[in-house]
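Structure first, then comments.
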Amino acid sequence: MNGPLWMKKLACPFCGAEFETPRVRQGALRVKDKWTDFGSLHEGICPYHYAITVCPRCLVSARNEEFEKINAAYEPKLMEFSRRARAQPPKTDLGLPWGGEFSAEQAVRRHELAVACHRLRVHSEPGELAGLWLHIVWIWRLAGKPEAEARAMEQALAAYQVFFEKGDKLPDKLGEPGVVYLMGELSRRLGRLREAREYFSKVLSMRNLTQFPNIEALVREQMLVVKDQIEAAPKG
Ligand SMILES: [Zn+2]
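Here the numbering used here is used: the sequence shown runs in plain steps of one and ends on residue 251.
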């Protein structure tokens with residue numbers, strides 16, 4: 016297959032089905048614009064649409080890298096999910112079998128299925144859930160669906176709040192400042208301007224902020240943006 020996609024052969028660790036699933040060639044990605052919540056607009060293919068692997072037979076789903084790491088022997092609830100799904104008529108709204116590019120709606124359903132499966136894991140990681148919701152935010156933004164985007168942002172924000180409170184391993188690239196910045200930026204995008212300002216000032220007071228120069232630049236910029244927005248907002 017030519018073009019930006021290639022087909023990866025996999026065997027489902029839960030039902031044993033062998034199947035092919037589309038992956039994006041990294042070299043095919045061209046970033047056109049970067050958003051302040053870490054998502055990007057790409058030229059041509061959207062990589063977020065292809066971030067999830069769904070077993071076409073039993074519907075167990077996860078982020079691509081996660082899917083290949085799951086040890087079925089340690090996941091009794093997911094095994095039960097797999098058994099039940101196999102007993103039901105096949106679903107047709109997930110872009111299965113593969114017949115071309117995934118639509119935004121199909122990509123979101125695949126992500127929602129991955130969220131549902133992740134909640135059944137023995138060790139559900141808030142950071143993983145937050146990342147899945149953030150993908151859904153970006154997919155709806157690209158599809159021009161602001162209301163669906165806002166609903167997903169609520170979920171992402173809530174997941175990041177849990178992640179920050181409970182998360183023992185914050186992503187290296189973001190660190191504590193990056194995660195709190197993201198909570199601020201999602202709050203700002205949801206119109207919660209004062210909450211956003213609080214998150215941003217929390218980030219600005221963090222001692223290790225200088226270790227994350229990208230985050231430092233972003234938070235300074237977005238602090239000015241949110242202050243302007245608060246200034247411009249009608250006084251209640
Ligand atoms: Zn399966």
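Every residue, glycine too, gets a C-beta built ideally from N, C-alpha and C.
Within 8 Å, do at least three Cβ pairs link the stretch 171-179 to the stretch 137-148? yes
To the nearest angstrom, report how far apart Val177 and Val194 are at their CA atoms. 11 Å
Closest residue to Ser220 among Gly206, Glu210, Arg207, Arg235 (Cα-Cα distance): Arg235
Rounded straight-line distance, which links the Cα of Arg209 to that of Val137: 37 Å
Can you look up Lys184 in the DSSP assignment and give me helix, strand or coil? coil
Can the beta-carbon of Tyr196 be found less than 8 Å from the beta-carbon of Ile151? no
Taking the beta strand (DSSP E) that Ser220 belongs to, which residues open and close that run? Looking at the DSSP string, Ser220 is not in any beta strand (DSSP E), and its letter there is neither H nor E.
In terms of DSSP beta bridges, what is Val69 paired with? Ser76
Using C-beta distances below 8 Å, list every residue in its chain close to Cys73, excluding the 5 sequence neighbours before and after it, in chain order. Cys27, Phe29, Cys30, Ala32, Phe96, Ser97, Arg98, Ala100, Arg101
Which stretch, first to last residue, makes up the beta strand (DSSP E) that contains Asp48? 45-49
How would you label Glu200, buried or exposed, when you count the other beta carbons within 10 angstroms and need 16 or more for buried? buried
Can you give me the start and stop residues for the beta strand (DSSP E) that Pro55 sits inside? Before going further, note that residue 55 is Ser rather than Pro in the sequence given. That run of the beta strand (DSSP E) goes 55-58.
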